[in-house]
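Peer 1: My numbering puts the sequence shown at residues 391 to 714.
Using N, Cα and C, we set each Cβ at its ideal position, and we do this for glycine too.
Please read these numbers as outputs of a predicted model, since none were measured by experiment.
Mind having a look at this structure? Questions to follow.
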Amino acid sequence: MSLLKPSRRDILKMTAAAPAFALPATKVAALGGPSGDQAPGYFKFTLGEAKLTVVSDGEFSLPASTAGVNADPADVQAFMIRHFMSTERMEAHANHVVIELGDAVVLVDVGSGNRYLESVGRMIENLETAGIDYDSITHVVLTHAHPDHIWGIRDDFDEAVFPDAQYYIGETEHSWWLTPDRVNMVDEGLQQLVAGAVNSLNADLLQLTPVQDGFEVAPGITMIDTPGHTLGHMSVRIESNGEQLLVLGDAARNAYIDFERPEWVGSPDMDAEQTVATRKQLFDMASADRIAVLGYHFPFPGVGYVMREGEAYRYMPSLWHWTE
Ligand SMILES: [Zn+2]
């Protein structure tokens with residue numbers, strides 16, 4: 391396989407790498423597939439003066455064995471069965487957000503584009519459906535450089551999508567992926583991700599600035615260090631008229647496991663101990679200060695609150711409103 395131009399088959403092989411335990415099929419919460427056309431993938435709401443639109447990039451899944459890799463596999467399976475989750479695949483939605491506040495129109499992450507999996511890469515189409523003008527995006531925040539968050543940064547001509555926007559990424563994240571010869575310092579399974587990140591971060595016409603904890607993208611929109619899932623992962627805090635929302639990125643990835651078993655980590659989490667510490671810190675802050683959260687991989691639209699429950703937490707999805 392070619393590192394620089396992976397075929398779709400290479401990528402499917404990569405995401406299917408770890409086999410799941412063989413278990414009898416059980417009923418799962420997804421209730422099968424769609425019976426016909428689905429509704430457009432966007433969700434609009436307000437936070438103080440900010441207009442927020444969650445825009446879906448689609449969905450994908452990883453083998454279930456990528457979850458809870460530091461826990462007893464029997465406990466992980468029991469958790470999945472009890473929660474009506476698939477014991478074979480970890481399902482993940484991909485929820486981007488566009489923040490319109492003051493003069494800024496900020497998009498968080500650029501999605502998979504057409505270089506990752508077929509079931510993702512719908513963000514641009516869904517932006518259009520949501521009535522958000524492609525040229526209106528002023529800033530793009532990159533939480534981290536994994537394929538589902540960044541491979542969509544290049545169009546078919548290897549040029550940055552939204553070439554007029556200012557892009558920001560954590561300084562640590564930027565230098566980790568772009569360390570010379572990084573591709574030869576990682577396990578074989580990660581090499582494809584390194585090559586993809588390097589190509590993405592070097593896209594033509596990309597106006598990219600590495601930033602540090604507390605960087606203000608625009609008034610009311612701040613990037614904060616949330617390391618662990620990747621070493622330089624960052625999240626976004628939005629504040630308007632006393633209301634707050636944390637765009638978690640992948641600081642929490644599963645709306646059930648990460649909350650009820652905050653000590654468990656998945657195989658994509660690069661630093662297990664730091665992942666758990668960051669997650670607990672964010673959940674403690676969100677529950678104590680009643681700050682809303684948005685999870686990139688939570689069930690669409692992925693917006694809700696964090697409830698404290700003893701030593702663990704619970705995710706409370708917000709209600710979908712059709713009218714004011
Ligand atoms: Zn992700």
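Given a cut-off of 9 angstroms, decide if E563 and H534 are closer than it, judged by their beta-carbon atoms.
Peer 2: Yes, Cβ-Cβ distance for H534 and E563 is below 9 angstroms.
Peer 1: Quick one: using the 10 Å Cβ neighbour count with 16 as the cut-off for buried, is Q602 buried or exposed?
Peer 2: So Q602 ends up on the exposed side.
Peer 1: With H, G and I counted as helix, E and B as strand and the rest as coil, what does DSSP make of M391?
Peer 2: Since pLDDT at M391 reaches only 46, below the 50 mark, its modelled position is unreliable, and the value read off the structure follows with that caveat. It is coil, neither helix nor strand.
Peer 1: According to DSSP, is D674 part of a helix, a strand, or is it coil?
Peer 2: In the structure shown, D674 sits in a helix (DSSP, three-state: H, G or I).
Peer 1: Just checking P658 against ligand 1 - is the residue's beta carbon closer than 8 angstroms to any of the ligand's heavy atoms?
Peer 2: At least one heavy atom of ligand 1 is nearer than 8 angstroms to the Cβ of P658, so yes.
Peer 1: M470 and L452 look like a contact to me (Cβ under 8 angstroms); what is the Cβ gap, rounded to whole Å?
Peer 2: Wrong, their Cβ atoms sit about 13 angstroms apart, outside the cutoff.
Peer 1: Could you tell me the boundaries of the alpha helix (DSSP H) in which A457 lies?
Peer 2: Run containing A457: none; DSSP gives neither H nor E here.
Peer 1: Secondary structure at P609, three-state DSSP: helix, strand or coil?
Peer 2: DSSP places P609 in coil when its eight states are reduced to three.
Peer 1: Whole angstroms is fine: what's the gap from N516's alpha carbon to G501's?
Peer 2: The straight-line gap from Cα to Cα measures roughly 12 angstroms.
Peer 1: List in chain order the residues whose CB is within less than 6 angstroms of at least one heavy atom of ligand 1.
Peer 2: Ordered along the chain, the selected set is H536, D538, H539, D640, Y686 and H687.
Peer 1: Give a yes or no on whether the minimum CB-CB distance between S625 and chain B is below 9 angstroms.
Peer 2: Considering every chain present, this structure includes no chain B. It has just one protein chain.
Peer 1: Kindly give me the distance between the Cβ atoms of P456 and Q467, rounded to whole angstroms, as I take these residues to be in contact under 8 angstroms.
Peer 2: Looking at the sequence provided, one finds Thr at residue 456 rather than Pro. T456 to Q467, Cβ: 13 angstroms. No contact.
Peer 1: With a floor of 4 residues, list each alpha helix (DSSP H) that falls wholly inside the segment 478-546, ordered by position along the chain.
Peer 2: Runs of the alpha helix (DSSP H) inside the segment 478-546: 513-519 and 537-540.
Peer 1: Which same chain residues, not among the five before or five after T612, have their C-beta less than 6 angstroms away from its C-beta?
Peer 2: So the qualifying residues of the chain are E606 and R627.
Peer 1: Using only CA atoms, which one of G560, H529, E633 and Q428 lies nearest to L621?
Peer 2: Nearest option by C-alpha distance: G560.
Peer 1: Tell me whether F547 is buried or exposed, calling it buried when 16 or more other Cβ atoms sit within 10 Å of its Cβ.
Peer 2: Exposed, by the Cβ-count rule.
Peer 1: Ignore the nearest five residues each way along the sequence and tell me which others in T665's own chain have a CB closer than 6 angstroms to its CB.
Peer 2: Result list for T665: G618, H619, V655 and D659, in chain order.
Peer 1: Could you give the first and the last residue of the continuous alpha helix (DSSP H) run that contains V693?
Peer 2: Not the alpha helix (DSSP H): V693 falls in the beta strand (DSSP E), residues V693 to E699.
Peer 1: Cβ atoms of T616 and A641: under 9 angstroms apart, would you say?
Peer 2: A contact, by the Cβ cut-off of 9 angstroms.
Peer 1: I'd like the span of the alpha helix (DSSP H) that includes V588, first residue to last.
Peer 2: That run of the alpha helix (DSSP H) goes E578 to L591.
Peer 1: Give the straight-line distance between the Cα atoms of Q671 and A461, rounded to the nearest whole angstrom.
Peer 2: Approximately 21 angstroms between the Cα atoms of the pair.
Peer 1: Roughly how many whole angstroms lie between the Cα atoms of R704 and R544?
Peer 2: Approximately 37 angstroms between the Cα atoms of the pair.
Peer 1: May I ask you to report which of helix, strand or coil DSSP gives T443?
Peer 2: Three-state DSSP puts T443 in a strand.
Peer 1: Give me, in chain order, the residues of the same chain whose beta-carbon lies closer than 7 angstroms to that of A662; leave out the 5 immediate sequence neighbours on both sides.
Peer 2: Excluding positions up to five away in sequence, the list reads N460 and V655.
Peer 1: Quick one: give me the first and last residue of the alpha helix (DSSP H) that T616 is part of.
Peer 2: Premise fails: T616 is in no alpha helix (DSSP H) and is neither H nor E.
Peer 1: With hydrogens ignored, establish whether the beta-carbon of P617 is closer than 8 angstroms to any heavy atom of ligand 2.
Peer 2: Of the ligands this structure carries, namely ligand 1, none is ligand 2.
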